[in-house]
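2 protein chains.
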Amino acid sequence: MTSSFHPPIRTLMGPGPSDVNPRILEAMSRPTIGHLDPEFIRLMDEIKTLLQYAFKTTNILTLPVSAPGSAGMEAAFVNLLERGDKVIVCQNGAFGGRMKENVERCGGTAVMVMDDWGTAVDLDKVETALNSNLDARVLAFVHAETSTGVLSDARALATLAARYDCLTIMDAVTSLGGVDVDADGWGIDVIYSGSQKCLSCVPGLSPMTFSARAMEFIRNRGTKVQSWFLDMNLIMDYWGGSARRSYHHTAPINALYALHEALVILKEEGLENAWQRHARHHRALVAGLEAMGLSMRVALQSRLPQLNAVNVPDGVDEAAVRSALLERYGLEIGAGLGSLAGKVWRIGLMGFACNQKNVLFCLSALEDTLSSLNVPITQGRSLQVARTHYNIR
Amino acid sequence: MTSSFHPPIRTLMGPGPSDVNPRILEAMSRPTIGHLDPEFIRLMDEIKTLLQYAFKTTNILTLPVSAPGSAGMEAAFVNLLERGDKVIVCQNGAFGGRMKENVERCGGTAVMVMDDWGTAVDLDKVETALNSNLDARVLAFVHAETSTGVLSDARALATLAARYDCLTIMDAVTSLGGVDVDADGWGIDVIYSGSQKCLSCVPGLSPMTFSARAMEFIRNRGTKVQSWFLDMNLIMDYWGGSARRSYHHTAPINALYALHEALVILKEEGLENAWQRHARHHRALVAGLEAMGLSMRVALQSRLPQLNAVNVPDGVDEAAVRSALLERYGLEIGAGLGSLAGKVWRIGLMGFACNQKNVLFCLSALEDTLSSLNVPITQGRSLQVARTHYNIR
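From first to last, the protein sequence lines are chains A and B.
Residue numbers for the first sequence follow this note's numbering, so the first one is 1 and each next one is one higher.
Residue numbers for the second sequence follow this note's numbering, so the first one is 1001 and each next one is one higher.
As structure tokens, then:
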């Protein structure tokens, strides 16, 4: 007979999910209520207000889609595209490629602006593409590339899109809560994120926000949205973008308890404080890694504090290192994807997992593991350097 | 400052979500691990085996979609249809209508077989439709209509479909775990269900199973599935329908802990025992309701034990009764939908919520509430009749 599943205790410092705050796990385990219960409607309203805070927006249509970030990406494209539409897609990692897939499955055409994995989106190339494709309706880009740890300049991209009268779709799966995401200030039309990165909630939800212009487009489309489940015309009736509340699907009640608690925690800390915390621990981690003799993949000005791509030293079996970290230390870090497979490790410092204990633990575990696998590194300095960074004597 | 959300304690006897077993809530709150962790892969394998047990199938492609039952419905249609395909859709309630929406959003044509809300799908009408549409590729029907509490004859419908060489899509959202669902025995090609009905898990997941014939079709489609998120060609690489395990999306880890525990509980009880329990408490509830002078909407031979449509007596404000039950007793029952709006209440007896305490509590609360609202009912007999049913002296 199959028995209950008891997960091992891990420290999650990969590309997500990140360690979940116990407050969130506890909130999620509270008794389930109905999805039309007046108290649940109140919870939905609070979640909306808290998400508006996190996205820095007054957008009415701000809500969590009841599925993971991948479904959030799909919701962005299926709502904003009609067959035959042209989209400029910036690709500098795995998720730009997934955007292309989404455009094509909507019957649209993707004009690709390609940059190397590990570099930011090149603004000049984007302007050239916009200028050569004046019939493009949408510019889509990834704010924080989870596959490479690169931050692109969202404000500048949105400014370019506005100049060419394009709507914008931004992937903020890994950025929200870790670095500034300014929906209204930058004028982004559709943003989707994920619950399991810097919000440190459980995976399974995709917070989204739609500008008034995006809502207007969706309401006046000539054709129905190809996905019933993700059709914002129907979902806004349930989440209160319209006057009445009507049933669409059964909301994932307990996951929404969790998201609410995660957002309460973010509000308590304050957005700016959360970004500063990510930056501080990132600096300590990098200092420690460099003291060990390891190097960072991404140029200083494009580095995401919450996701650190570290070059794998020549000749090292990167998978063996990750396996050893998991087995000996219960520590999960991420592998490289695509053109960075085998070349980098991805070390996450996301949300609740972004703290001094994890930084020191990760450096210590990595130093021990690399040494034991006979990788030539500088021993005995990494922790000291990181501690100095924290001003611990 | 917004504070943590503490839900009221409810008894969930509506159309779902149903009361969640505390074992499941506790399992869900265990620490999150990564979606590529070897221990998580083991959990996925166990979930697959347990779902095969629940669906009575050996289908390799048996898995929970990472989103609610509505997404499961969409997954069935987007994978099995290509543009221009014709589908016979049986509608005898709300969810048949949603199937039509799905067919049309896939670029298909739905031939509707309509039956009154509250009655089962008429086999003769279906045969006529199949015979008049020999180019139809798929027959789609709802096994247990959540909007009306009606069970249709899935085995007979599948036999008809086979005779006309149609694939079958079956909605088992409300049936799985409450009445017999025999995927292999009946030869159904695609079944989707929901986590929050008779499995008594939290809402947010849609267990599905695909026959070898359905998998074969999906693998050899001429066009890509229009949804990237729900494309089984990609999902089977992650859930192990193919040889390798490759990342598709971040699975909702903790929700899957919950589903695993719900399925372990079902296995411990045994499928047949679970069906018998639903039937037993249903009989006691109906006896008690009838002793109060209330009547059932659905004919005896088509009644779902897990969802009981009760006629609202003439002149009664049904919403006022539901509000009073919620306010005074914390008891949630459901309203009618569509053509049954205002005409029925829907009383669920699903999974963990299907027990003697809930039956007696519901009868007591309903009798008190109806009396206090001056609805003419027979008082003082209902509980006694139900108790007799349970052989309590």
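Using N, Cα and C, we set each Cβ at its ideal position, and we do this for glycine too.
8 angstroms Cβ cutoff met for residue i and residue j
i       : j       : result
B:H1278 : B:L1326 : no
B:D1019 : B:F1352 : yes
B:V1150 : B:N1092 : yes
A:A71   : A:L123  : no
B:R1346 : B:L1307 : yes
A:Q152  : A:V142  : In the sequence on display, residue 152 of chain A carries Ser and not Gln. A contact, by the Cβ cut-off of 8 angstroms.
A:I191  : A:V181  : yes
B:V1179 : B:W1275 : yes
B:T1378 : B:G1293 : yes
A:G177  : A:K56   : no
A:L373  : A:V321  : yes
B:P1064 : B:S1206 : yes
A:L160  : A:V121  : no
A:E290  : B:M1001 : no
A:N355  : A:H281  : yes
Backbone CA spacing between residue i and residue j [nearest angstrom]
i       : j       : result
A:K197  : A:I88   : 26 angstroms
A:A335  : B:K1343 : 58 angstroms
A:C166  : A:D189  : 10 angstroms
A:G288  : A:V310  : 12 angstroms
A:F229  : B:S1066 : 13 angstroms
A:L394  : A:P203  : Here chain A comprises residues numbered 1 to 393, so residue 394 of chain A is not present and cannot be evaluated.
A:G330  : A:D37   : 41 angstroms
A:G118  : A:F95   : 13 angstroms
B:F1040 : A:M236  : 35 angstroms
B:A1262 : B:A1183 : 20 angstroms
A:L81   : A:N233  : 14 angstroms
A:F395  : A:A129  : Since the first residue of chain A shown is 1 and the last is 393, residue 395 of chain A is not available in this structure.
A:Q226  : A:Y53   : 30 angstroms
B:M1013 : B:C1362 : 8 angstroms
B:A1140 : B:M1073 : 10 angstroms
B:M1208 : B:A1251 : 15 angstroms
A:M215  : A:E104  : 22 angstroms
B:A1144 : B:S1339 : 17 angstroms
A:N394  : A:S175  : Any answer about residue 394 of chain A is impossible in this case: the structure gives chain A only from 1 up to 393.
CB contact check: residue i to chain B, cutoff 8 angstroms
i      : result
A:K267 : yes
A:W117 : no
A:Q226 : yes
A:M1   : yes
A:N131 : no
A:H6   : yes
A:F55  : no
A:D237 : no
A:H282 : no
A:E318 : no
A:Q276 : no
A:P17  : yes
A:P31  : yes
A:D45  : no
A:V264 : yes
For residue i, the nearest candidate out of the options (CA to CA)
i       : options                               : result
B:P1015 : B:L1337, B:N1391 and B:C1106          : B:L1337
A:R23   : B:Q1276, B:S1004 and B:R1303          : B:S1004
A:I199  : A:H6, A:Y390 and A:P17                : Before going on, a small fix: residue 199 of chain A reads as Leu here, not Ile. Comparing Cα-Cα distances from A:L199 to each of A:H6, A:Y390 and A:P17, the minimum goes to A:P17.
A:H249  : B:N1220, B:K1267, B:G1194 and B:I1218 : B:G1194
B:G1107 : B:K1125, B:F1077, B:E1127 and B:V1121 : B:F1077
A:G187  : A:Y390, A:A212 and A:L266             : A:A212
A:I9    : A:T388, A:S364, A:E332 and A:R303     : A:E332
B:R1042 : A:P7, A:T11 and A:A27                 : A:P7
A:M99   : A:T148, A:D171 and A:M28              : A:D171
Proximity test, Cβ basis, 8 angstroms: residue i and chain A
i       : result
B:H1249 : yes
B:E1332 : yes
B:M1208 : no
B:R1098 : yes
B:P1252 : yes
B:G1084 : no
B:I980  : Here chain B covers residues 1001 to 1393 and nothing more, so residue 980 of chain B does not appear.
Near the ligand ATP: residue i beta-carbon under 7 angstroms from a heavy atom
i      : result
A:G204 : Because no ligand of any kind appears in the structure shown, any question about the ligand ATP cannot be addressed here.
Practice task
Evaluate contact between the region 1103–1114 of chain B and the region 1127–1147 of chain B, counting only Cβ atoms and requiring at least three cross-stretch pairs below 8 angstroms.
Solution key: yes
Exercise for the section: Spell out a yes or no on whether the region 1042–1049 of chain B and the region 1379–1388 of chain B are touching, meaning 3 or more CB-CB pairs, one atom from each, closer than 8 angstroms. Expected result: A contact is defined here as three or more CB-CB pairs under 8 angstroms, and the region 1042–1049 of chain B fails this definition with respect to the region 1379–1388 of chain B.
Exercise for the section: Determine, using beta-carbon pairs with one atom in the region 27–43 of chain A and one in the region 246–261 of chain A, whether at least three such pairs fall under 8 angstroms. Expected result: yes
Exercise for the section: Please confirm if the region 58–68 of chain A is in contact with the region 291–301 of chain A, defined as three or more CB-CB distances below 8 angstroms between the two stretches. Expected result: no
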